[in-house]
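When we follow UniProt numbering, the leftmost residue of the sequence shown carries the number 1, and every step to the right adds one.
No residue lacks a Cβ here, since even glycine has one placed at the ideal position from N, Cα and C.
Model, not experiment: these values are computed from the prediction.
Worksheet: the structure to be examined is printed underneath.
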Amino acid sequence: MADLRIYNVVILGLGFLFIFTAFTTCGNIEQTIVKSLDNDTFTGSGYHSLGIIYGIFSFSNLLAPTVVAIIGPQFTMFFSGILYSGYVAVFITPSTWSFYFTSVLIGIGAAMLWTAQGHFLVENSDASTINRNTGMFWALLQCSMLFGNLYIYFDWNGRIEISDRSRKTIFIGLLVTSVLGTLSFLALRKTLPTEEEMLNEEEGQPLLSSRTMYKQRANSAVQDAKSEFKTILQLLKTKTILLLSCCMAYSGLELSFYSGVYGTCIGATTEFGVAAKGLIGISGIVVGIGEIVGGGVFGLVCKNNRFRRTSVVFLGMVVHFVAFYLIYLNIPDDAPVVLKTSTLNKPYLTPSISIALLCSFLLGLGDSCFNTQLYSILGRVYAEQSAPAFAIFKFIQSIFAAVAFFYSGYLLLTWQLLIMVILGFTGTLCFFMVERIQNFSVDLQQEY
1 MADLRIYNVV
11 ILGLGFLFIF
21 TAFTTCGNIE
31 QTIVKSLDND
41 TFTGSGYHSL
51 GIIYGIFSFS
61 NLLAPTVVAI
71 IGPQFTMFFS
81 GILYSGYVAV
91 FITPSTWSFY
101 FTSVLIGIGA
111 AMLWTAQGHF
121 LVENSDASTI
131 NRNTGMFWAL
141 LQCSMLFGNL
151 YIYFDWNGRI
161 EISDRSRKTI
171 FIGLLVTSVL
181 GTLSFLALRK
191 TLPTEEEMLN
201 EEEGQPLLSS
211 RTMYKQRANS
221 AVQDAKSEFK
231 TILQLLKTKT
241 ILLLSCCMAY
251 SGLELSFYSG
261 VYGTCIGATT
271 EFGVAAKGLI
281 GISGIVVGIG
291 EIVGGGVFGL
301 VCKNNRFRRT
311 SVVFLGMVVH
321 FVAFYLIYLN
331 IPDDAPVVLK
341 TSTLNKPYLT
351 PSISIALLCS
361 FLLGLGDSCF
371 NTQLYSILGR
381 VYAEQSAPAF
391 AIFKFIQSIF
401 AAVAFFYSGY
411 LLLTWQLLIM
421 VILGFTGTLC
431 FFMVERIQNF
441 SVDLQQEY
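Rendered as C-alpha cells:
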C-alpha cells in the first residue's frame, strides 16, 4: 500500500510538471507573442487573458469542492488538464474569441485542478507521510518553471521578431507536453475503497444501487459546500483574516508581476538588443530557482524555529523592495505598455542583463517568503478550519492578481512598482500585528 501511495504522488507530481511546464511558459511569453502577431484581426491582450483566468479562478473555487466530491479527484484532474491543453492550443492558430473563451474555461479548470490535487494528495498520505509527499509534489511542480523557459531561451536568443513558424513550433511542443500531463492522470490508482463501496460489496447489493449512492454523494457534497461557504463568510468577519487580507492581496499583485509582467518588460527592453527575447526564458528559470531556494530554506528555518515568521516576512519585504528599486533603475518605464516590441523611454541606468536576472531571483525568493509564511500562519491559527481559510487566501490572492493583470497594460512601470511597495509595506505591517495578537493569546492561555 505504501509503495502504491508513493507511486500515486510521483505520477501526480509528474502530471502537474508537464501541464505547468506548458502553462507557466505560456503565461511568461504570451504578451510578447500577442504583440508580435502579424494578424490584423486579432485584438486580444495577454494581460487581459491572464486577468480573466485569475478572476474566474477566484470565484470557481467556491464550486470546485462540490464537483470533486461528485466525480472524484482523478477524473476532475483529467478534465481540467483537457481545458489547460485547449488554452495552449489556441496560440497555434490564434483568434480573439477563442483566446478569451479558453481563458474563462481554464479559470474554471484551474480551480477544479487544484482542489482535486489537494484532495488526492491527502487521500494518499497519512500523518507521518504528508510532509514528505507534499515536498515531493512541490519539488516536481517547481521544476515546471525550468524546462519550457530553457527552450524559449535557446529558440528566441538572437531573435528580434517572433515568426509564425517559431510560434507554432513552440506551442505544438507545449501542447504535446500538456496532453502528456493530462493523460498521466489516467495512470493514477485507487488506494482504498470508500466506506460506501465497502458496504456495497459486503452486502452484495445489485448494480442499480450505484445510482442511489451517486445521488447521496452529490447531496452530501452540496451540503458540505453550503456549510463551508457559511464558514468562509464567518471567517471573513474576523480580525485575523481582515488583517491578513492585505498580505494576501500583495501576494496576488507580485504574483502577476513576476509571472507575466516582468518577463514581458525584459523582452521589450531595446537596450538588450537581440538577446532580449531569449532573456524572457532565462528570467523565468531564475524566478523558479528563487522560489525553490526560498521554499527549501525557509521551510527548514520555520521547522527548526530558529526564526519567527515575522523575520521571514520582513526579509521577503526587503528582498522585494530591493528588487523593485533595481527594476525601477534598470528597466524602461514604458516596458509593460509599449505597443511595439521594443521600448522608447530610457531608464536611469544603462540596462544590465545581470541586474535584470538578479531581480528575477529576488522576485522568486521574496514570493516564497510571503507564501510559505501565509500558509504557516493560516495552518496554525485555523487548524480546525483550514479548508475555508485557504479558500479565502486563494480567493483574495487571485482577485488581486486579476486586477493587476488588467491594469498592467495601461500603467507605466513606476506606478506598478509604487502600488506594490505601498501594499507590500501595509501587508507586512498587518502580518506583524496578527503574529503579535496570536503570541499574546498564547501567553494568556499559558498563564491561565
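Contact check for Val338 against Leu344 passes: the beta carbons are separated by less than 8 Å. When only Cα atoms are considered, Gln373 and Thr41 end up about 45 Å apart. Assigned with DSSP and collapsed to three states, Phe431 falls in helix. Contact holds between the stretch 280-298 and the stretch 139-158, because three or more Cβ pairs, one in each stretch, are under 8 Å apart.
In this structure, the CA atom of Gly27 is about 16 Å from the CA atom of Tyr407. Counting only residues of its own chain and dropping the five nearest sequence neighbours on each side, Glu435 has a CB closer than 8 Å to the CB of Arg308, Arg309, Thr310, Ile377. Gln31 counts as buried, since at least 16 other C-beta atoms from the protein chains shown sit within 10 angstroms of its C-beta. Exclusion of the five residues before and after Phe400 leaves Ala249, Gly252, Leu253 as the residues of its chain whose Cβ lies within less than 7 Å of its Cβ. With a contact defined as Cβ atoms closer than 8 Å, Thr269 and Asp333 miss out at about 11 Å.
Contact check between the stretch 309-323 and the stretch 169-183: fewer than three CB pairs, one atom from each, fall below 8 Å, which does not count as touching. Between Leu17 and Ser144, the C-beta spacing is below 8 Å. An exposed status is given to Thr350, since fewer than 16 other beta-carbon atoms sit within 10 Å of its beta-carbon. Inter-residue distance for Leu411 and Tyr47 is about 12 Å (C-alpha atoms, whole angstroms). The C-beta distance from Ser398 to Phe99 rounds to 20 Å, too long to meet the 8 Å contact threshold. In this structure, the CA atom of Ala383 is about 23 Å from the CA atom of Leu429.
Ranked by Cα distance from Ser368, the first of Ile289, Val421, Ile396, Gly379 is Ile289. Between Ala389 and Leu174 a beta carbon distance of about 34 Å is seen, past the 8 Å cut, so the two are scored as non-contacting. A straight-line Cα-Cα distance of about 6 Å links Ser386 and Gly379. For the set Ala89, Trp114, Ala116, the Cα lying nearest the Cα of Ser103 is the one of Ala89.
When the Cα atoms are used, Leu417 and Phe324 turn out to be separated by approximately 6 Å.
Here the alpha carbons of Gly118 and Phe395 stand approximately 16 Å from one another. The criterion of a C-beta distance shorter than 8 Å is not satisfied by Leu358 and His320. Contact between Pro94 and Asn39 holds, since their C-beta atoms are separated by about 7 Å, short of 8 Å. Leaving aside the five residues that flank Phe78 on each side, the residues in its chain whose CB is nearer than 7 Å to its CB run, in chain order, Thr182, Phe185, Leu186.
DSSP places Val337 outside both helix and strand once states are collapsed to three, so it counts as coil. Gly44 is not a Cβ neighbour of Gly107, given a cutoff of 8 Å. Selection Ser259, Leu140, Arg5, Ile71 evaluated against Ser125 yields Arg5 as nearest (Cα-Cα). Contact annotation: Leu279 and Gly267 have beta-carbon atoms nearer than 8 Å. With a 10 Å radius around the Cβ and a threshold of 16 neighbouring Cβ atoms, Gly424 comes out buried. Check the Cα spacing between Leu50 and each of Gln74, Asn8, Val9, Phe101: the tightest is with Phe101. Looking only at Gly427, Lys168, Asn371, Ala402, the smallest Cα-Cα distance to Cys246 is reached by Gly427. In terms of Cα proximity to Thr24, the closest of Phe432, Ile437, Val261 is Val261. Phe137 counts as buried, since no fewer than 16 other beta carbons sit within 10 angstroms of its beta carbon.
Short of 8 Å from the beta carbon of Leu140, and not among the five residues preceding or following it, lie these beta carbons of its own chain, in chain order: Val10, Gly13, Leu14, Phe16, Leu17.
Residue ranges of uninterrupted alpha helix (DSSP H) with 4 or more members, entirely inside the stretch 227-315 and ordered along the chain, are 239-256, 262-268, 276-303.
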